[in-house]
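Using the working numbering, read the sequence shown as starting at 123 and increasing by one per residue.
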Amino acid sequence: MYENFEIWWVTGAQLLYGGETVKIVDGHSQEMVAGLNASGNIPVKIVYKGTANSSKEVETVMKAANNDEKCIGIITWMHTFSPAKMWIKGLQALQKPLLHFHTQYNKEIPWDTMDMDFMNLNQSAHGDREFGHICAHLRKPRKVVSGYWKEEKPQKAIAVWARVAAAWADAHDMRILRFGDQMNNVAVTDGDKVEAEVRLGYHVDYYPVSSLMEYYKKVTDQEIDELVAEYKKLYTIKIDESGEQVYWEKVRNSAKAEIALRRVLKDEGAKGFTTNFDDLGGADIDDPKFLGFDQIPGLASQRLMAEGYGFGAEGDWKTAALYRTVWFMTQGMGKGCSFLEDYTLNFDGDQSAILQSHMLEVCPLIAANKPRLEVHFLGIGIRKSQTARLVFDSKTGDGVTATVIDLGNRFRLIVNDVKCIAPKPLPKLPVANALWIPQPNFEVGTEAWILCGGTHHSALSYDISPEFWEDYAEIAGIEMVHINKDTTVSGIKHDLRVGEVYYMLNRSVLM
């Protein structure tokens, strides 16, 4: 997934100590980069781009990074004292994510042999502070990782940033198609698409359902047969009240919708999409010339999410983009992620929880067991009919869920640590679900989420830590609020007030 990406490593030095010193610095740097690549902890290849010894050299490598599509970010490290003024023009020019690695070639001080030559060569303690100062002066967004380069802890911190930087690059080549518009009168799923592209990188387009139907009608019976055969291998077939004839008719039409949607997304170069249950093509399903989905394409949406396509229900393009980002930055991690919606509450003392679900569209990547392919009546939207879907309970364990809201003068990323627990049997609930306790507990977690303006849609991951979202918010330059085990309602109110002042002042400075 990340094989076409690179992270560039640039070592800070200078010519004050002579050319031989620079050669030593260069050799150490190459060994360190090779060691990081061989560690197996960092999923993106690091490429050494040499030492930077002057303002011109710094500016040249930073501009080259901007123009190289494979480069998704820069790691800087100051082996010696690197005067910070020489970094100004390059840092001003840099448009890619930046990580400052505070480390050192040697692990320990050579107590018995330490002399001034060794100290002058190995002075990251000095050089990294000089570099850090100029980044702070320039208000340059960056991640700082501190620790010995051979150890796992700093390597894993770099890995988090590398995955986020990869997802950030992916977002800047992300197009979201909206099949239909917003669900009427819903506020949180809409927002400023222009500002989203400016700030977050992705592009959102309307796509006519009538044009989608042109793909739909060209799907062949053979293609449907092949996909239904795949369903039979992957899922438990459960024919219920719909009866066998209706069951297979609805499953086949769901397969037809999946094929059509996938083709549109591929042909249009899109990485995500939204649907609207009030716009499914056609008008009267009883009309002999009817051309439209005979059901909400829930099964198709579930399976396309599992492939990595972003999805948002009822026109929710922000969550569609966020889900794609979650999926992309967790490649190879394996526990799963999904679009979810807060549905109903269960009050049970310390175990009080929120049942997450949707009408249909929950990603099977989070299924605890083999999903069941079921068909049930769905009485919501323009097409009230028997509808195919995958049904399952989610995995249990710790997760992180997130949403992005548009506050007019800024985007806010709201992140909540959650604990997914097993639900009691739900024999009459014909949809997939997850049951979670928001941290630090139900009362504080829900109150904080509501005070932050959190939406009813979010993107859950079992793989990532809040550090991923912190790095994402830093790169994007957006506000992040983290609701966790230490959160209090008074504390979250204070954080929100501080954020409001900060962004008001920031906006006035920019104006």
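Each residue gets a CB set at the ideal place from its N, CA and C atoms; glycine is no exception.
- When DSSP states are grouped into helix, strand and coil, Thr396 belongs to the strand group.
- Apart from sequence neighbours up to five positions away, the residues of its chain that approach Leu137 with a beta-carbon distance below 7 Å are Val144, Asn175, ordered along the chain.
- The beta carbon of Glu348 sits closer than 8 Å to no other beta carbon from its chain once the five residues preceding and following it are set aside.
- In the DSSP assignment, Gly437 falls outside any beta strand (DSSP E) and carries neither an H nor an E.
- Annotation for Lys185: the continuous alpha helix (DSSP H) segment containing it runs 177-189.
- Less than 8 Å separates the beta-carbon of Ile559 from that of Ile543.
- The Cβ atoms of Gly430 and Arg446 lie closer than 8 Å to each other.
- Nearest Cα to Val611 within the set Ala598, Leu573, Leu627, Ala595: Leu573.
- Shown here for Asp585: same chain residues with a beta carbon closer than 8 Å to its own, the five before and five after excluded, namely Thr452, Met455, Gly456, Lys457, Gly458, Cys459 in chain order.
- Ile280 is the residue among Ile280, Leu322, Ala289 whose C-alpha sits nearest the C-alpha of Val267.
- Taking a cut-off of 8 Å for Cβ pairs, the stretch 323-333 and the stretch 299-308 touch, as three or more such pairs fall below it.
- Distance from the Cα of Ala309 is smallest, within the candidate group Tyr624, Gly613, Tyr594, Gly576, for Gly576.
- Between Cys257 and Leu216, the gap from beta carbon to beta carbon reaches 8 Å or more.
- In the three-state DSSP reduction, His255 falls in the helix class (H, G or I).
- Counted as a single uninterrupted DSSP element, the beta strand (DSSP E) harbouring Leu467 occupies residues 459-468.
- Per DSSP, Cys485 lies in no alpha helix (DSSP H) and is assigned neither H nor E.
- If you check the CB distance, His201 and Gly149 do not come in under 8 Å.
- Listed in chain order, the beta strand (DSSP E) runs fully inside the stretch 324-383 are 325-329, counting runs of at least 3 residues.
- It is roughly 17 Å from the alpha-carbon of Glu153 to the alpha-carbon of Glu142.
- Look at the stretch 514-588 and you find these whole runs of beta strand (DSSP E), each 3 residues long or longer: 519-528, 533-543, 556-560, 579-583.
- Excluding residues up to 5 positions away in sequence, Ser479, His480, Met481, Leu482, Val484, Arg511, Val513 lie with their Cβ nearer than 8 Å to the Cβ of Val553 in the same chain.
- Given a length threshold of 4 residues, each whole run of the alpha helix (DSSP H) inside the stretch 252-315 is given here in chain order: 274-293.
- By the beta-carbon neighbour count (other beta carbons within 10 angstroms, threshold 16), Glu565 is exposed.
- Per DSSP, reduced to three states, the secondary structure at Thr447 is helical.
- The beta-bridge partner set that DSSP reports for Ser246 is empty.
- Shortest Cα-Cα distance from Gly530 to any of Lys354, Asn563, Glu622 involves Glu622.
- For Met200, the uninterrupted beta strand (DSSP E) segment begins and ends at 193-200.
- Inter-residue distance for Ser583 and Ala287 is about 17 Å (C-alpha atoms, whole angstroms).
- Secondary structure at Gly157: helix, using DSSP grouped into helix, strand and coil.
- With a contact defined as Cβ atoms closer than 8 Å, His222 and Gly254 qualify at about 7 Å.
- DSSP lists Ile196 as the beta-bridge partner residues of Leu220.
- When the beta-carbon positions are compared, Phe499 and Phe461 stay at least 8 Å from each other.
- With 16 or more other Cβ atoms from the protein chains shown falling within 10 Å of its own Cβ, Arg285 counts as buried.
- Take Asp617, set aside five residues on each side of it, and the residues of its chain with a beta-carbon closer than 7 Å to its own are Val603, in chain order.
- In this structure, Glu390 lies away from Arg505, with their beta-carbon atoms at least 8 Å apart.
- Residue Ser423 holds the alpha-carbon nearest to the alpha-carbon of Leu387 among Lys275, Ser423, Tyr227, Ala570.
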